[in-house]
Amino acid sequence: MPPKTRARVSKRAADSGKDDDGKTAVGKRKKTGKAKESSVSAGSPEYCHWLMKSEPESRFENGIDVKFGIEDLKALPNQTGCWDGVRNYQARNFMRQMKVGQLAFFYHSNCKEPGIAGVMKIVKEAYVDHTQFDKKDVHFDANSKPDNPKWSMVDVQYQRMTKRFLPLSELKKYHLQHRAAGGPLKDMALFTRARLSVQPLTTEEFDFVLSLEDKEPL
DNA sequence: GCCAACGTTGGC
DNA sequence: GCCAACGTTGGC
1 MPPKTRARVS KRAADSGKDD DGKTAVGKRK KTGKAKESSV SAGSPEYCHW LMKSEPESRF
61 ENGIDVKFGI EDLKALPNQT GCWDGVRNYQ ARNFMRQMKV GQLAFFYHSN CKEPGIAGVM
121 KIVKEAYVDH TQFDKKDVHF DANSKPDNPK WSMVDVQYQR MTKRFLPLSE LKKYHLQHRA
181 AGGPLKDMAL FTRARLSVQP LTTEEFDFVL SLEDKEPL
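Quick note on numbering: full-length UniProt numbering labels position 118 of the first sequence as 118, and the sequence is numbered without any gaps.
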């Protein structure tokens, strides 16, 4: 059985050279079992902003620490890393829609204070996540074969910290307000698709969240 | 540590 | 292709 873990990033720097060409992941893919694969072509909106979750606090999975917070991304060469370890089809499919230059929130999950810590940029589009073939990796997937890889990743580069940390609790208050009275966060995936580790934001959602930087905490 | 929510698996 | 059982996510 494939590991069904939350999305997580390794401490690996992204520039390690050997990546199978970045385009294979985006093109045709075989149907893989029963998981629903949303497709861009089927009239779904094309998103251009994202939110990606990772855990900033130490947690051990099979004896391996999966901690990877925004400070860890910042510390990598070129402040760039590959977002490996995503083992959920919807999350993977969103990564496959990402384009170079697009912005994503770095979200801290499963920690003291969950919320948005900073902004990063997509610097390489989807390509094969090599950790799926690595028996020693937490995210090894015995069902995935190199001639038909299941999982993809993108490279992200640190851009900046948000001017202040934007806690989940605050975002949730806005979400509830907006759901009741209308507003940009009424359908935010963070709340409507709670467990999705890579998720899209509309421009309105993204801009509204960024505008909170300059506001007093709610 | 609890547990609700929800994605995935597998029997039928 | 349905759906109950199972396992994981992730806030609290």
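Heads up, the beta-carbon is just placed ideally off N, CA and C, and yes, glycines get one too.
Tell me residue i's beta-bridge partners as DSSP assigns them.
{"i": "residue 160", "result": "119"}
{"i": "residue 111", "result": "Per DSSP, none; premise fails for residue 111."}
{"i": "residue 148", "result": "145"}
{"i": "residue 124", "result": "155"}
For residue i, count the other beta carbons within 10 Å of its own beta carbon; 16 or more makes it buried, fewer makes it exposed. Which is it?
{"i": "residue 124", "result": "buried"}
{"i": "residue 169", "result": "exposed"}
{"i": "residue 68", "result": "buried"}
{"i": "residue 181", "result": "exposed"}
{"i": "residue 77", "result": "exposed"}
{"i": "residue 96", "result": "buried"}
{"i": "residue 33", "result": "Because residue 33 carries a pLDDT of 34, less than 50, the predicted location of this residue cannot be relied on, and the following value inherits that uncertainty. That one is exposed."}
{"i": "residue 192", "result": "exposed"}
{"i": "residue 203", "result": "exposed"}
{"i": "residue 81", "result": "buried"}
{"i": "residue 283", "result": "Only positions 1 to 218 of the chain appear in this structure, which leaves residue 283 out of reach."}
{"i": "residue 87", "result": "buried"}
{"i": "residue 92", "result": "buried"}
{"i": "residue 205", "result": "buried"}
{"i": "residue 218", "result": "exposed"}
{"i": "residue 211", "result": "exposed"}
{"i": "residue 197", "result": "buried"}
{"i": "residue 216", "result": "exposed"}
{"i": "residue 219", "result": "Only positions 1 to 218 of the chain appear in this structure, which leaves residue 219 out of reach."}
Over what stretch of residues does the alpha helix (DSSP H) that includes residue i continue unbroken?
{"i": "residue 220", "result": "Nothing about residue 220 can be read from this structure; the chain reaches only from 1 to 218."}
{"i": "residue 90", "result": "89-97"}
{"i": "residue 210", "result": "203-211"}
{"i": "residue 192", "result": "189-192"}
Smallest Cα separation from residue i: which of the options?
{"i": "residue 52", "options": "106, 94, 85 and 59", "result": "106"}
{"i": "residue 119", "options": "153, 47, 189 and 74", "result": "74"}
{"i": "residue 99", "options": "172, 200, 212 and 184", "result": "200"}
{"i": "residue 70", "options": "216, 84 and 116", "result": "116"}
{"i": "residue 186", "options": "132, 196, 150 and 174", "result": "174"}
{"i": "residue 48", "options": "79, 94 and 114", "result": "94"}
{"i": "residue 114", "options": "216, 136, 166 and 212", "result": "166"}
{"i": "residue 110", "options": "84, 139 and 194", "result": "194"}
{"i": "residue 137", "options": "63, 56, 89 and 152", "result": "63"}
{"i": "residue 133", "options": "121, 153, 104 and 149", "result": "149"}
{"i": "residue 50", "options": "217, 127 and 207", "result": "207"}
{"i": "residue 141", "options": "85, 55 and 56", "result": "85"}
{"i": "residue 83", "options": "58, 151 and 143", "result": "151"}
{"i": "residue 158", "options": "122, 177 and 164", "result": "122"}
{"i": "residue 72", "options": "161, 189 and 176", "result": "161"}
{"i": "residue 90", "options": "153, 143, 130 and 164", "result": "153"}
What residue range does the beta strand (DSSP E) around residue i cover?
{"i": "residue 73", "result": "Note, residue 73: premise wrong, no beta strand (DSSP E); alpha helix (DSSP H) at 70-75."}
{"i": "residue 54", "result": "49-54"}
When DSSP labels each residue in this structure, what does residue i get in the three-state scheme?
{"i": "residue 165", "result": "strand"}
{"i": "residue 78", "result": "helix"}
{"i": "residue 199", "result": "strand"}
{"i": "residue 105", "result": "strand"}
{"i": "residue 60", "result": "strand"}
{"i": "residue 65", "result": "strand"}
{"i": "residue 84", "result": "coil"}
{"i": "residue 155", "result": "strand"}
{"i": "residue 139", "result": "coil"}
{"i": "residue 129", "result": "coil"}
{"i": "residue 134", "result": "coil"}
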